[in-house]
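Reviewing the structure listed below.
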Amino acid sequence: MEAVNQGAPSVGLKSKEYSLLLTHNRLISKFSEPQRKILQVDDSIAVAISGLTSDGYVLGSYLTNECIKYKFTNDEAIPIPRLCSRLQLKMQPCTQLYGERPFGVGLLIIGADSKKTHLFHSCPSANIYECNAMAIGSRSQSARTHLINNMKKFENSSLNELIQHGLYALRETYRGEDKLEYSNCSVVVIGLNTPFYELDKETIKSFIDKLTPKKPIDESSDEENPEPETENVQPTPVVSNVPDDELNDDMVD
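In UniProt numbering, the protein residues as written are 1 to 253.
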């Protein structure tokens, strides 16, 4: 769990027509390129990772293979709840077998089918929740506060409004000299009739420029009244769990 709490922030949210992923691409050093935190696993499914990047890439590769196998066998895209069920079966044995360790990564999975958009949150414990909005990673509580306060607006939001809310929530996770810029974040959109696509840097910059200025943080007041530690608290999903009948479809295979 701590690996996720120390990972790069990731934000996911959805409306009736669109689902959205936003990530902070941290620079490990001044001499390196930022690591990608969003992976495309199918035409209409994407994953954001927070925690151990190598573990995230392993799970991303597994999800991609599951999508390919299902499409080859059934000649259609895999339902996202079924894909999450298979992911759960992949992750759960690592939490109880001797000589294994849990995957040290949290995932936000977005997608869309012919009926609705989806957003799922996967924990290292192998629990998977379906959400309307979620933020994971370091300092993600500030982002979740914004998402909870504006959650009722998301369902009927346009794509532009959804992107604005997502960027505002992601900006809440930045501290000190680290600022939200088009060069250090990624935004991916999937819609009912819109396959996976990533916003280019110029488009992201235009949205960032429209954000209201962030209020300065009074560091002295923070020292006098430190916030309670929340890093060890398991993030609470904004809405309900995945339906049991969908998550357990593969248990009988």
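Even glycine gets a Cβ: it sits at the ideal position worked out from N, Cα and C.
Beta-carbon within less than 6 Å of H118's beta-carbon, same chain only, minus the 5 sequence neighbours each way: which residues are those?
The count along the sequence shown starts at 1 and reaches residue 118 at position 118. Same-chain partners within the cutoff: I80, G111.
Only counting runs of 4 or more residues, tell me where the alpha helix (DSSP H) segments fall wholly within the segment 126-195, in order along the chain.
As for any alpha helix (DSSP H) of minimum length 4 sitting wholly inside the segment 126-195, the runs are 140-154, 159-171, ordered along the chain.
Mapping DSSP to helix, strand and coil, what is E120?
Reading the sequence shown from its first residue, position 120 is the one you call residue 120. In the sequence under discussion, the amino acid at residue 120 is Phe, which differs from the Glu named in the question. When DSSP states are grouped into helix, strand and coil, F120 belongs to the strand group.
Given a cut-off of 8 Å on the beta-carbon distance, is the pair Y18 and L180 in contact?
Your numbering for residue 18 matches position 18 in the sequence shown. Your numbering for residue 180 matches position 180 in the sequence shown. In this structure, the beta-carbon distance from Y18 to L180 does not fall below 8 Å.
Specify the secondary structure class of Q40 as computed by DSSP and reduced to three states.
On the sequence shown, residue 40 is found 40 positions in, with the first residue counted as 1. Three-state DSSP puts Q40 in a strand.
Go to T64, then tell me how far its beta strand (DSSP E) extends in each direction, as first and last residue.
For the purposes of this step, residue 64 is identified with residue 64 of the sequence shown, where counting begins at 1. For T64, there is no enclosing beta strand (DSSP E); the residue is part of the alpha helix (DSSP H) that begins and ends at 53-74.
Stretch pair the segment 184-196 + the segment 39-55: three plus CB contacts closer than 8 Å
The segment 184-196 vs the segment 39-55: in contact.
K90 beta carbon less than 8 Å from that of Q164:
Within the sequence shown, numbered from 1, the residue matching residue 164 stands at position 164. Within the sequence shown, numbered from 1, the residue matching residue 90 stands at position 90. Taking a C-beta distance under 8 Å as the contact criterion, Q164 and K90 do not qualify as a contact pair.
Suppose you measure from the CA of C94 to the CA of S54; what does that come to, to the nearest Å?
The sequence position of residue 94 within the sequence shown is 94, counting from 1. The sequence position of residue 54 within the sequence shown is 54, counting from 1. For C94 and S54, the distance between alpha carbons rounds to 16 Å.
Taking 8 Å as the threshold (C-beta atoms), are S15 and E198 in contact?
The residue labelled residue 198 in the question sits at position 198 within the sequence shown. The residue labelled residue 15 in the question sits at position 15 within the sequence shown. In this structure, E198 sits away from S15, with a CB-CB distance that is not shorter than 8 Å.
Give me, in chain order, the residues of the same chain whose beta-carbon lies closer than 8 Å to that of Y182; leave out the 5 immediate sequence neighbours on both sides.
Counting from 1 along the sequence shown, the entry for residue 182 is found at position 182. Excluding sequence neighbours, Y182 sits near K201, E202, I204, K205, I208.
Between the CA atoms of G106 and P228 - distance to the nearest angstrom
Along the sequence shown, read from residue 1 onward, the residue named residue 228 stands at position 228. Along the sequence shown, read from residue 1 onward, the residue named residue 106 stands at position 106. Caution is warranted here: a pLDDT of 43 is assigned to P228, below 50, making its placement in the model unreliable, and no coordinate value can be reported.
Once you ignore the five residues that flank R144 on each side, which residues in its own chain have a CB closer than 6 Å to its CB?
One-based indexing of the sequence shown puts residue 144 at position 144. For R144, where only same-chain residues beyond five positions count, the Cβ hits under 6 Å are A135.
K71 versus C84 - alpha carbon distance:
The sequence position of residue 71 within the sequence shown is 71, counting from 1. The sequence position of residue 84 within the sequence shown is 84, counting from 1. Using only the alpha carbons, I get a separation of about 16 Å.
With DSSP run on the structure shown, which of helix, strand or coil describes I204?
For the purposes of this step, residue 204 is taken as residue 204 along the sequence shown, with counting starting at 1. Looking at I204 - three-state DSSP - the assignment turns out to be helix.
Between the beta-carbon of D25 and the beta-carbon of S138, is there less than 8 Å?
Residue 25 sits at position 25 when you count from the first residue of the sequence shown. Residue 138 sits at position 138 when you count from the first residue of the sequence shown. The residue asked about is misnamed: residue 25 is Asn in this sequence, not Asp. When the beta-carbon positions are compared, N25 and S138 stay at least 8 Å from each other.
Compare the C-alpha of A3 against each of D75, R101, D43 and name the closest.
Mapped onto the sequence shown, residue 3 falls at position 3. Per the Cα distances, R101.
Host alpha helix (DSSP H) of K90 (start-end)
Residue 90 sits at position 90 when you count from the first residue of the sequence shown. For K90, the enclosing alpha helix (DSSP H) begins and ends at 80-91.
If you run the structure through DSSP and keep just helix, strand and coil, what is T212?
In the sequence shown, residue 212 corresponds to position 212, counting from 1. In the three-state scheme derived from DSSP, where H, G and I count as helix and E and B as strand, T212 is classed as coil.
In terms of DSSP beta bridges, what is A46 paired with?
Reading the sequence shown from its first residue, position 46 is the one you call residue 46. For A46, the pairing in a beta bridge is given by DSSP as Q40, I110.
Candidates N160, N132, L159: closest to L147 by CA position:
Residue mapping note: residue 147 aligns to position 147 of the sequence shown, counting from 1. When the alpha-carbon of L147 is set against those of N160, N132, L159, the nearest one is in N132.
According to DSSP, is E198 helix, strand or coil?
As a position in the sequence shown, residue 198 is number 198, starting the count at 1. If DSSP states are grouped into helix, strand and coil, E198 belongs with the strands.
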